[in-house]
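Asker: 616 is the number of the first residue of the sequence shown in the working numbering; add one for each residue after it.
Just so you know, even glycine gets a beta-carbon here, dropped at the ideal spot from N, CA and C.
Structure in structure tokens, see below.
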Amino acid sequence: MSSPQSNEHKVDASWIGWFVGNKSNEFVCRVPIGFIEDKFNLTGLEYLKDTLNVVLEPSFDRSMAWVSGYEEKLYGMIHARYIMSARGVEDMRLKYEMGDFGSCPKFYCKGQKALPVGLSDEWGHSTVKIYCPSCKDVFRPRYRPKLDGAMFGTSFPHMFFMQLPMLRPQPPVEKYAPRLYGFRLHESALMPLESSETSTETETETETETEAIGSLPTSSPSSFPN
């Protein structure tokens with residue numbers, strides 16, 4: 616018979632456990648230690664050995680002065696590769712179905728669950744956004760986490776639905792149609808007005824063309840054969 620102590624939940628004191636458990640990092644999944652330790656998965660990444668050691672640290676102490684601050688970037692770039700794997704997609708599927716990534720803000724998408732996406736695969740360009748698979752548009756997350764978009768990359772949502780096509784939703788059935796007194800407005804009525812500079816340029820071009828036409832030589836009646 617097991618002792619009461621053996622049934623108690625063991626606190627995860629690792630750096631990964633601390634980072635993933637951070638309240639603002641709900642979008643991030645846990646990358647297995649084996650995946651991080653595999654040198655093949657680190658190919659092309661620039662990092663210091665000490666930074667990798669912190670990420671793999673089983674007993675992380677945030678008060679340690681030697682923590683460089685580059686751990687998030689290293690873990691994030693590894694995370695972007697992991698979620699493109701079959702196991703990573705499965706881990707993200709669980710979070711997707713629980714609604715961890717939020718939902719599309721568009722009314723006609725009716726609360727469609729979203730997926731995280733980056734606007735660049737390079738670090739430092741922009742924070743993470745959410746992608747709606749129904750309207751196929753991107754939005755700022757409701758709580759705007761400060762996670763870098765490169766932690767998810769530009770391809771993740773599309774790989775996700777390539778591997779799990781049964782989860783791909785239908786596009787919205789309805790679409791907002793602007794109306795005035797019940798009548799649907801023509802698209803031309805919704806176009807922005809031309810700027811004054813554009814109008815001036817157009818008028819100048821028209822005047823120039825008129826002047827050019829007026830300066831063309833004219834043929835006298837005597838030039839035509841009788």
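To the nearest angstrom, how far is it from the Cα of Ala628 to the Cα of Gly636?
Answerer: Within the sequence shown, residue 628 is the residue found at index 13, counting from 1. Within the sequence shown, residue 636 is the residue found at index 21, counting from 1. So the two alpha carbons sit approximately 10 Å from each other.
Asker: What's the C-alpha gap between Cys564 and Pro647?
Answerer: Here the chain has residues from 616 to 841 only, and residue 564 is not among them.
Asker: So, helix, strand or coil for Val753, using DSSP?
Answerer: As a working mapping, residue 753 is identified with position 138 in the sequence shown. Of the three classes helix, strand and coil, the one that applies to Val753 here is strand, per DSSP.
Asker: So what does DSSP say about Thr742, is it helix, strand or coil?
Answerer: Counted from its first residue, the sequence shown places residue 742 at position 127. If DSSP states are grouped into helix, strand and coil, Thr742 belongs with the strands.
Asker: Check the DSSP bridge columns for Val787 and list the partner residues they point to.
Answerer: Translated into positions along the sequence shown, residue 787 becomes position 172. In the sequence under discussion, the amino acid at residue 787 is Pro, which differs from the Val named in the question. According to DSSP, which records beta bridges pairwise, Pro787 is partnered with nothing at all.
Asker: Assign Val788 to one of two classes, buried (16 or more other C-beta atoms within 10 Å of its C-beta) or exposed (fewer than that).
Answerer: Counting from 1 along the sequence shown, the entry for residue 788 is found at position 173. The residue in question, Val788, is exposed, as its Cβ has fewer than 16 Cβ neighbours within 10 Å.
Asker: Measuring CA to CA, which of Glu737, Asp706, Pro731, Val670 is closest to Glu652?
Answerer: The residue labelled residue 652 in the question sits at position 37 within the sequence shown. The shortest C-alpha separation from Glu652 is found at Val670.
Asker: Suppose you measure from the CA of Ala701 to the CA of Glu712; what does that come to, to the nearest Å?
Answerer: Position 86 of the sequence shown holds residue 701. Position 97 of the sequence shown holds residue 712. If you take the alpha carbons of Ala701 and Glu712, they lie about 17 Å apart.
Asker: Do Leu586 and Phe642 have their C-beta atoms within less than 7 Å of each other?
Answerer: Since the displayed the chain opens at 616 and closes at 841, residue 586 lies outside it and no answer follows.
Asker: Is it right to say Trp630 is buried, meaning 16 or more other beta carbons lie within 10 angstroms of its own, or is it exposed?
Answerer: For the purposes of this step, residue 630 is identified with residue 15 of the sequence shown, where counting begins at 1. By the neighbour-count rule (16 or more Cβ atoms within 10 Å), Trp630 is buried.
Asker: For Asp763, which beta-bridge partners are listed by DSSP?
Answerer: Translated into positions along the sequence shown, residue 763 becomes position 148. Partner(s): Thr742.
Asker: To the nearest angstrom, report how far apart Ser770 and Pro786 are at their CA atoms.
Answerer: The residue given as residue 770 occupies position 155 in the sequence shown. The residue given as residue 786 occupies position 171 in the sequence shown. One C-alpha to the other measures close to 20 Å.
Asker: In this structure, does DSSP put Pro772 in helix, strand or coil?
Answerer: Sequence index remark: in the sequence shown, residue 772 carries index 157 (1-based). Of the three classes helix, strand and coil, the one that applies to Pro772 here is helix, per DSSP.
Asker: Might you give, ordered along the chain, the residues of its own chain that have their beta carbon closer than 7 Å to the beta carbon of Phe775, omitting 5 neighbours on each side?
Answerer: Taking the first residue of the sequence shown as 1, we reach residue 775 at position 160. Answer for Phe775: Val704, Met707, Leu730, listed in chain order.
Asker: Is the distance from the Cβ of Arg757 to the Cβ of Gly717 below 7 Å?
Answerer: By one-based count along the sequence shown, residue 757 stands at place 142. By one-based count along the sequence shown, residue 717 stands at place 102. For Arg757 and Gly717, yes; Cβs fall inside 7 Å.
Asker: Skipping 5 residues on each side, what residues in its chain have a beta carbon closer than 8 Å to that of Phe767?
Answerer: Here the question's residue 767 lines up with position 152 in the sequence shown. Around Phe767: Phe642, His694, Ala695, Ile698, Pro731, Val732, Gly733, Val743.
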